[in-house]
Each structure stands twice: as structure tokens, then as C-alpha cells.
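As C-alpha cells, the structure follows; a few thoughts come after it.
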Amino acid sequence: AQSVSQHNHHVILSEAASLELGCNYSYGGTVNLFWYVQYPGQHLQLLLKYFSGDPLVKGIKGFEAEFIKSKFSFNLRKPSVQWSDTAEYFCAVKDSGGYQKVTFGIGTKLQVIP
Amino acid sequence: GAGVSQSPSNKVTEKGKDVELRCDPISGHTALYWYRQSLGQGLEFLIYFQGNSAPDKSGLPSDRFSAERTGGSVSTLTIQRTQQEDSAVYLCASSLTRQETQYFGPGTRLLVL
Chain A
340 AQSVSQHNHH VILSEAASLE LGCNYSYGGT VNLFWYVQYP GQHLQLLLKY FSGDPLVKGI
400 KGFEAEFIKS KFSFNLRKPS VQWSDTAEYF CAVKDSGGYQ KVTFGIGTKL QVIP
Chain B
6 GAGVSQSPSN KVTEKGKDVE LRCDPISGHT ALYWYRQSLG QGLEFLIYFQ GNSAPDKSGL
66 PSDRFSAERT GGSVSTLTIQ RTQQEDSAVY LCASSLTRQE TQYFGPGTRL LVL
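Quick mapping for you: the protein sequence lines, in order, are chains A and B.
Everything in the first sequence is counted per my numbering, starting at 340 for the first residue and increasing by one.
Everything in the second sequence is counted per my numbering, starting at 6 for the first residue and increasing by one.
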């Protein structure tokens with residue numbers, strides 16, 4: 340069975356600080372990887388995804404993530420966070436075959452202080 | 006175009022009552038998923054539909070939970086004899102095909118008193 344670990348459950352940063360949120364997954368097959376974001380009072384939105392090709396994926400709002408297959412990791416990064424990035428971030432993985440069940444991590448709450 | 010919609014947005018019920026949660030997926034999306042997000046927990050997969058059939062019901066926590074999908078569109082998640090531990094946000098997602106990205110609805114926040 341696949342699983343996802345997010346190492347940081349609550350992160351507090353000042354504006355302009357750099358961000359890296361860790362995500363590791365366990366699964367033996369080929370995977371698709373996602374980061375979703377949930378802003379306060381809003382529903383889950385796709386931030387970025389990796390299906391194949393360039394392992395460095397760029398998403399919306401200046402976010403990027405790098406898929407490192409050897410480390411089973413898909414860490415999320417942003418060089419300079421803004422107050423508006425305050426949200427909860429979820430890493431997710433799905434089997435690229437099969438019936439496409441998505442397994443989510445527990446989430447990381449990011450608080451950006453102005 | 007319209008996204009995934011869910012109703013009601015909030016539901017408060019008494020322990021032992023039945024509840025029905027509705028999901029309207031994005032038009033044309035053949036795959037539909039139900040998840041549950043409990044306080045302090047990640048998203049928990051409940052059930053997946055491909056068209057009207059549910060090839061994977063493995064996530065349903067008990068036989069009090071059931072779901073159906075009709076016309077390849079609207080889905081209803083039913084919880085019978087609700088318990089306090091059923092309190093959570095129930096999220097629905099749909100995707101164009103099972104290989105495509107899932108798009109989430111706003112969720113239904115269920116509180117069982």
C-alpha cells in the first residue's frame with residue numbers, strides 16, 4: 340500500500356523567507372505526485388503535479404517541487420513566501436496505473452508572519 | 006466552467022440519525038471520489054466511482070456508510086445511524102478520467118451531536 344509522510348506539521352515563517360516542505364512517499368511502482376493547497380475557508384486546490392518528464396515541476400504562485408526518485412521525495416519549495424501563502428499544504432501520491440486512488444499526507448500548516 | 010459542488014455545506018445532526026451528502030462533479034468527469042478529513046487527520050479515502058460503478062469501496066469505515074452514483078453524474082454518500090466519530094469534513098473530487106488530476110469540491114462539514 341502506498342503512504343505519504345509530511346515531516347513538518349506546522350511551519351511559521353516571516354515574509355520573504357524561503358520555504359521547503361518535505362514529502363516522502365512509499366510505493367514500489369510508478370507514481371504521480373501532487374501538492375494541493377487549502378487556503379483558510381477555501382477548498383482544496385491543485386498547486387502542482389508531476390506525471391512524467393522534467394522532475395522539477397513549477398506550479399502556481401511561484402511554487403516548485405522536485406521529484407527525486409531515488410529518495411522517494413517530492414519536496415515543495417518557494418524562494419520567498421508572502422503572507423497570502425498562509426494555508427495548509429497536502430502532498431499526495433497515486434499509482435499511475437490501477438484505479439487512481441490518491442493517498443494524502445497529513446498536511447502542513449504554513450503560517451507566514453508579515 | 007463550474008467546479009465540483011457539494012451540498013449541504015454544513016450539516017448538524019443528532020447521534021443515531023441518517024444523513025445524505027451530495028456531490029455534483031464537473032460535467033463530463035467519469036471518475037468520482039469521496040474522502041473524509043477529520044480534525045488533526047489527513048484526507049482519508051472512502052470510495053471511488055468509475056461511471057456508476059464502484060470498483061473500490063475499501064475505504065468505507067463501516068457498513069453504516071454507503072454511496073451511489075446515478076447517471077454517471079451525481080453521487081450521494083449516506084451515513085446511517087450516525088456516531089460522533091463520524092464528525093468530519095466530507096470531500097468529493099472528480100476527474101475527467103481515472104488517469105487525470107482530481108478536482109475537489111468545497112466539502113460538507115458534518116457535526117454529529
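Note that the Cβ used here is the ideal one computed from N, Cα and C, for glycine as well.
From a predicted model like this one, the values you see are computed outputs, not experimental measurements.
| message | Would Q46 (chain B) pass as an interface residue toward chain A - the criterion being a Cβ-Cβ separation below 8 Å? | response | Yes, Q46 (chain B) lies at the interface with chain A (some Cβ there is under 8 Å from its Cβ).
| For S365 (chain A), which residues of its own chain have a beta-carbon under 7 Å away from its beta-carbon, when the five flanking residues on both sides are left out? | Exclusion of the five residues before and after S365 (chain A) leaves Q341, S342 and F411 as the residues of its chain whose Cβ lies within less than 7 Å of its Cβ.
| query | What are the boundary residues of the beta strand (DSSP E) that includes S80 (chain B)? | reply | Its beta strand (DSSP E) spans residues S80 to I84.
| said: I'd like to know whether the C-beta of T447 (chain A) is nearer than 8 Å to at least one C-beta of chain B. | reply: No, because no Cβ of chain B sits closer than 8 Å to the Cβ of T447 (chain A).
| query | For T113 (chain B), which residues in chain A fall below 9 Å Cβ to Cβ? | reply | For the C-beta of T113 (chain B), not a single chain A residue is nearer than 9 Å; the gap to the nearest is close to 11 Å.
| said: Can you give me the C-alpha to C-alpha distance between I445 (chain A) and G361 (chain A), rounded to a whole angstrom? | reply: Approximately 12 Å between the Cα atoms of the pair.
| query | Between the Cα of S58 (chain B) and the Cα atoms of B:C97, B:P30, B:Q104 and B:A36, which residue gives the shortest distance? | reply | Measuring from the Cα of S58 (chain B), the nearest candidate turns out to be B:A36.
| query | Looking only at C-alpha atoms, which of B:P13, B:I84 and B:F50 sits nearest to R69 (chain B)? | reply | The shortest C-alpha separation from R69 (chain B) is found at B:I84.
| request: Take H34 (chain B) as the anchor and find which of B:P66, B:Y108, B:G112 and B:E73 has the nearest alpha-carbon. | output: For H34 (chain B), the closest alpha carbon among the candidates B:P66, B:Y108, B:G112 and B:E73 is that of B:Y108.
| field | Residue from B:S71, B:E19, B:K20 and B:V24 whose Cα sits closest to the Cα of P13 (chain B) | value | Of B:S71, B:E19, B:K20 and B:V24, the residue nearest in Cα terms is B:V24.
| Roughly how many angstroms separate the alpha carbons of E359 (chain A) and G76 (chain B), rounded to a whole number? | Rounded to the nearest angstrom, the two C-alpha atoms are 43 Å apart.
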